[in-house]
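Enquirer: At position 304 of the sequence shown (counting the first as 1) the number is 303 in numbering that gives the first Met the number 0, and the numbers step up by one without a gap.
Note that beta-carbon positions come from the ideal geometry of N, C-alpha and C, so glycine has one too.
Predicted model only: the values in this text are computed from it and were never measured.
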Amino acid sequence: MNVILGAGMAGMGAFYRDNSFEVFEMEDQAGGLCGRFFARSDDNRTFYFDKAVHLSFTEDPIVKEVFSKVQQNIYNPVPHSWFKNMWIQHPAQNNLFPMTVEFKVNALKDFIGRNQKDEPQNFKEWLLFQYGKYLYDELFEPYNKKYWCTDLEKMDTCWVGNRFYRPNIDEILYGSYTDKTPNTYYAKEMRYPQKGGYRRYIDSIINEAENADKIHYGFKVKNINLLDKTINFTSGQQIKFDKVMSSIPLPTLIKSIENAPADILKNSESLAYTSIALVSFGFKRIIDCKDIWFYIYDTDILAARAYLPSLKSSENAPEGCSSIQFEIYRSNSSEPFDSEKCIRNSIYALKKMKLADESDIIARNFRTVKYGNIIFHKDTRQKADSIIKWLETNGIYPIGRFGKWDYLWSDQAFFSGYQLAGIR
Ligand SMILES: Cc1cc2nc3c(=O)[nH]c(=O)nc-3n(C[C@H](O)[C@H](O)[C@H](O)COP(=O)(O)OP(=O)(O)OC[C@H]3O[C@@H](n4cnc5c(N)ncnc54)[C@H](O)[C@@H]3O)c2cc1C
0 MNVILGAGMA GMGAFYRDNS FEVFEMEDQA GGLCGRFFAR SDDNRTFYFD
50 KAVHLSFTED PIVKEVFSKV QQNIYNPVPH SWFKNMWIQH PAQNNLFPMT
100 VEFKVNALKD FIGRNQKDEP QNFKEWLLFQ YGKYLYDELF EPYNKKYWCT
150 DLEKMDTCWV GNRFYRPNID EILYGSYTDK TPNTYYAKEM RYPQKGGYRR
200 YIDSIINEAE NADKIHYGFK VKNINLLDKT INFTSGQQIK FDKVMSSIPL
250 PTLIKSIENA PADILKNSES LAYTSIALVS FGFKRIIDCK DIWFYIYDTD
300 ILAARAYLPS LKSSENAPEG CSSIQFEIYR SNSSEPFDSE KCIRNSIYAL
350 KKMKLADESD IIARNFRTVK YGNIIFHKDT RQKADSIIKW LETNGIYPIG
400 RFGKWDYLWS DQAFFSGYQL AGIR
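The following block contains the structure:
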């Protein structure tokens with residue numbers, strides 16, 4: 000039997016290409032990180048939330064066509080950040096207009112005088128190289144520590160790509176004198192299903208598939224035996240496999256393989272990642288925020304980012320209501336989340352930003368996502384590649400964000416499965 004493990008974007012990308020594969024998913028529905036959940040108010044009103052922000056900005060023609068089968072809302076957002084207790088256009092480095100004169104002078108002075116000679120050896124040095132010491136100390140270090148939950152010196156830069164805007168001196172000067180700056184965010188057009196949440200992109204694939212009964216839910220891989228080519232599930236069932244495409248996170252997958260070599264096991268255990276606490280609130284009124292999502296630089300607020308599901312689609316909140324979700328991060332090596340603390344701090348954020356009071360909240364949900372973002376340390380790529388190579392020589396082909404162990408967006412995760420299914 001040919002098998003796909005996991006029915007998230009990557010697994011569904013593979014299944015879309017070749018639906019002769021049997022899919023085994025541990026949850027009772029498809030979606031993975033692109034899944035959806037709801038919270039109800041006491042008077043039975045329903046608020047829908049995605050797992051973290053999730054908007055599509057794919058430029059990949061194949062994925063675009065697949066996603067376009069869903070009716071979408073289209074947005075051209077100009078995102079903002081909460082920084083030093085005020086709103087500032089994102090990215091802050093070329094939108095310093097609201098900052099004090101002292102801040103601007105220091106930022107500009109250090110930007111002009113930054114060390115441009117030595118090639119950056121890690122993420123900290125890369126940020127100093129791009130933006131100078133003042134912006135690093137005031138903005139990039141506090142925010143990135145909150146987001147990555149690790150020492151920035153230990154991080155590699157292989158994942159950076161176009162995620163950080165690198166303005167020239169003219170852009171920084173313009174952004175210091177005026178708030179009429181061009182939108183330099185890396186994705187200009189954002190799309191989101193009109194109905195059904197982000198998961199609708201996946202639901203539409205399943206609804207159209209001839210063999211949707213090949214997707215089996217509630218099948219959590221317990222262990223894999225490479226010698227007799229069997230997979231045992233926690234439910235007690237066993238299957239025999241020929242080929243496997245797996246989107247299961249590498250550390251979990253390797254742990255489940257019987258007699259995996261010691262060095263592979265050790266490498267997989269050392270892979271670092273962030274987990275996310277999602278604090279979601281439904282409000283009895285429409286709160287005054289025009290941003291579909293925003294970043295939170297200030298460190299008195301635990302969340303690094305928040306988004307408004309009710310602005311992504313009117314279907315996500317009852318009429319006359321609105322909603323928000325905060326994302327709080329921790330690394331896999333740090334303390335577990337304290338749910339009470341996360342909720343209390345998110346309510347503090349709502350009040351501080353003058354968005355809402357506790358009395359406005361009529362529905363709430365707290366949940367955690369184990370695998371959020373991959374933390375790229377200096378040796379991450381090499382360790383992950385050695386694991387992937389070993390898996391492939393044993394007939395297990397990793398796909399997706401946590402199979403490839405890469406910073407993939409949902410379209411790239413989809414494509415990684417789609418592409419592999421075309422080869423195997
Ligand atoms: C905070 C955040 C915001 C994001 N925002 C965006 C965005 O705006 N736009 C965008 O394009 N992308 C975004 N992404 C990226 C996107 O979520 C991922 O690229 C994509 O969801 C990854 O899909 P996947 O199938 O590779 O992994 P997953 O979604 O994790 O799928 C893996 C599947 O495997 C299943 N599984 C795990 N273990 C087992 C087991 N033992 N047995 C059986 N099944 C198992 C899981 O239940 C899951 O369904 C964001 C990601 C994060 C963390």
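#1: Of the choices Asn266, Val22, Lys289, whose alpha-carbon is the least far from that of Lys254?
#2: Of the residues Leu107, Ile291, Ser332, Cys341, which one's Cα is nearest the Cα of Met189?
#3: Note the first and the last residue of the continuous beta strand (DSSP E) segment covering Val52.
#4: Going by the C-beta, is Val52 closer than 8 Å to any heavy atom of ligand 1?
#5: Can you give me the start and stop residues for the alpha helix (DSSP H) that Val104 sits inside?
#6: Quick check: what's the CA-CA separation for Glu318 versus Leu307?
#7: Just the Cα atoms here: how many angstroms apart are Asp136 and Met0?
#8: Indicate, with yes or no, if ligand 3 has a heavy atom lying under 8 Å from the CB of Met8.
#9: Mind checking which residues open and close the beta strand (DSSP E) that includes Pro76?
#10: Residues in its own chain within less than 6 Å of Ser309 by CB, not counting five upstream and five downstream?
#11: For Val243, which beta-bridge partners are listed by DSSP?
#12: So, is Lys145 buried or exposed, given that buried needs 16 or more other C-beta atoms within 10 angstroms?
#13: Count the other C-beta atoms from every protein chain shown that fall within 10 angstroms of the C-beta of Asn372, then say buried if there are 16 or more, exposed otherwise.
#14: Could you check if Glu326 is buried or exposed, using at least 16 other CB atoms within 10 Å of its CB as the buried criterion?
#15: Using only alpha-carbon positions, find the residue among Asn93, Leu134, Ile386, Phe280 that is nearest to Tyr164.
#16: Would DSSP call Ile253 helix, strand or coil?
#17: Exposed or buried, what is Gly160 when buried is set at 16 or more other beta-carbons lying within 10 Å of its beta-carbon?
#18: How about Met154 and Ile374: do their beta carbons lie closer than 9 Å?
#19: Under the rule that 16 or more other beta-carbon atoms within 10 Å means buried, what is Gln129, buried or exposed?
#20: Can you tell me which of the three DSSP states Ile323 falls into?
#21: Is the beta carbon of Pro308 within less than 8 Å of some heavy atom of ligand 1?
#22: By the 10 Å Cβ neighbour count, where 16 or more other Cβ atoms means buried, how is Ala51 classified, buried or exposed?
#23: Does DSSP classify Gln418 as helix, strand or coil?
#24: Since Ala271 sits in a beta bridge, which residues does DSSP pair it with?
#25: How about Leu249 and Ala383: are their beta carbons less than 9 Å apart?
#26: With respect to the alpha helix (DSSP H) encompassing Tyr176, which residues constitute its N-terminal and C-terminal limits?
#27: Can you give me the start and stop residues for the alpha helix (DSSP H) that Pro141 sits inside?
#28: Could you tell me how far apart the beta carbons of Lys221 and Phe232 are, in whole angstroms, since I believe they sit closer than 8 Å?
#29: For the beta strand (DSSP E) holding Ala305, just list the boundary residues, first then last.
#30: Would you give the residue range spanned by the beta strand (DSSP E) that Met8 belongs to?
#31: Thinking C-alpha only, which one of Ile3, Tyr200, Cys148, Tyr184 is nearest Pro90?
#32: Any heavy atom of ligand 1 closer than 8 Å to the Cβ of Ala355?
#33: Using C-beta distances below 7 Å, list every residue in its chain close to Asn331, excluding the 5 sequence neighbours before and after it, in chain order.
#34: Is there at least one non-hydrogen atom of ligand 1 closer than 8 Å to the beta-carbon of Trp248?
#35: If I measure Cβ to Cβ from Lys123 and keep anything under 7 Å in the same chain, skipping five residues before and after, which residues do I get?
#36: How many angstroms separate the CA atom of Gly399 from the CA atom of Lys108?
Expert: Walking through what the data contain:
#1: Asn266
#2: Ile291
#3: That residue, Val52, is in no beta strand (DSSP E); it is neither H nor E in DSSP.
#4: yes
#5: 100–111
#6: 15 Å
#7: 55 Å
#8: Questions concerning ligand 3 fall outside what the structure shown contains, since the ligands it does hold are ligand 1.
#9: Counting along the chain, Pro76 falls outside any beta strand (DSSP E), and DSSP gives it neither H nor E.
#10: Asn315, Ala316, Ser321, Ser322
#11: Val2, Ile395
#12: buried
#13: buried
#14: buried
#15: Asn93
#16: helix
#17: exposed
#18: yes
#19: buried
#20: strand
#21: no
#22: buried
#23: helix
#24: Ile374
#25: yes
#26: 168–176
#27: 140–147
#28: 6 Å
#29: 304–306
#30: Here Met8 belongs to no beta strand (DSSP E); instead the alpha helix (DSSP H) covers 8–16.
#31: Tyr184
#32: no
#33: Ala271, Tyr272, Ser274
#34: For the sequence presented, residue 248 should be read as Pro rather than Trp. Yes, the beta carbon of Pro248 sits closer than 8 Å to at least one heavy atom of ligand 1.
#35: Leu151, Glu152
#36: 43 Å
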